[in-house]
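Under the working numbering, the final residue of the sequence shown carries the number 155; numbering is consecutive throughout.
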Amino acid sequence: MRKEVELASLEDTKKLAKELVKLAKPGVFFLMSGYLGAGKTTLTKSLLKELGVEESVTSPTFVIMNQYDNGSLNINHMDAYRLTKNDDLYLYLETPEQDFNIIEWYDNVDFDYDNYKNYKINITKTGDTTRLVTIESRD
Ligand SMILES: Nc1ncnc2c1ncn2[C@@H]1O[C@H](COP(=O)(O)OP(=O)(O)OP(=O)(O)O)[C@@H](O)[C@H]1O
Ligand SMILES: [Mg+2]
Numbered sequence: 017m018r019k020e021v022e023l024a025s026l027e028d029t030k031k032l033a034k035e036l037v038k039l040a041k042p043g044v045f046f047l048m049s050g051y052l053g054a055g056k057t058t059l060t061k062s063l064l065k066e067l068g069v070e071e072s073v074t075s076p077t078f079v080i081m082n083q084y085d086n087g088s089l090n091i092n093h094m095d096a097y098r099l100t101k102n103d104d105l106y107l108y109l110e111t112p113e114q115d116f117n118i119i120e121w122y123d124n125v126d127f128d129y130d131n132y133k134n135y136k137i138n139i140t141k142t143g144d145t146t147r148l149v150t151i152e153s154r155d
């Protein structure tokens, strides 16, 4: 599956989160890419809101990973920006097969994401509030 979505505003990003949240299940990875400020964390915040997470969501750039629980699902929000190919994601992710995992800058680390159901979500900034998003999965 490959899909392209044009977003005109933050409102559209929220709408996209409403669609994407249907794919949030145990063992699933959302693999986010796109340059600094593209909107990976912003989209993640909307996803977590849709999942019913009420606490405030902050970028995990410095802490590497934040965990949330909506009562039925554990959600790992990770930012691999400061990690390298020598880092092992399993030091952070304890039960990825049971959790819903969102990884920003996923390509910075070597990890066999294809062992899990994954969706690659790339965001390109095309203007102040406009974005081009591509969503890809293997089936
Ligand atoms: N349609 C939009 N979707 C997402 N973000 C938008 C949109 N329009 C404007 N923005 C703004 O763009 C910025 C995106 O920043 P954000 O922290 O989400 O980027 P990021 O991709 O996570 O960057 P980093 O690589 O530094 O983690 C925010 O200030 C957000 O308000
Ligand atoms: Mg971010």
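The C-beta atom is built at its ideal place from N, Cα and C for all residues, glycine as well.
Simplified DSSP state of residue i, which is helix, strand or coil
i	result
aspartate 85	strand
glutamate 35	helix
aspartate 123	helix
glutamate 110	coil
glutamate 66	helix
Exposure label - residue i; buried when at least 16 CB within 10 Å
i	result
lysine 61	buried
phenylalanine 78	exposed
arginine 98	exposed
aspartate 95	buried
lysine 56	buried
alanine 54	buried
alanine 24	exposed
glutamate 120	buried
Any non-hydrogen atom of ligand 1 within 7 Å of residue i CB
i	result
aspartate 28	yes
leucine 107	no
glycine 68	no
glycine 43	no
tyrosine 84	no
leucine 63	no
tyrosine 122	no
alanine 54	yes
leucine 59	yes
threonine 145	yes
According to DSSP, residues forming a beta bridge with residue i
i	result
tyrosine 135	Phe46
valine 149	Val21, Ile139
aspartate 95	Glu120
asparagine 90	Asp85
Minimum Cβ-Cβ distance from residue i to chain B less than 8 Å
i	result
threonine 77	This model lacks chain B altogether; it includes just one protein chain.
Quiz: which residues have CB nearer than 7 Å to ligand 2 non-hydrogen atoms: Lys56, Thr57, Ser75, Thr77, Asp95, Glu120
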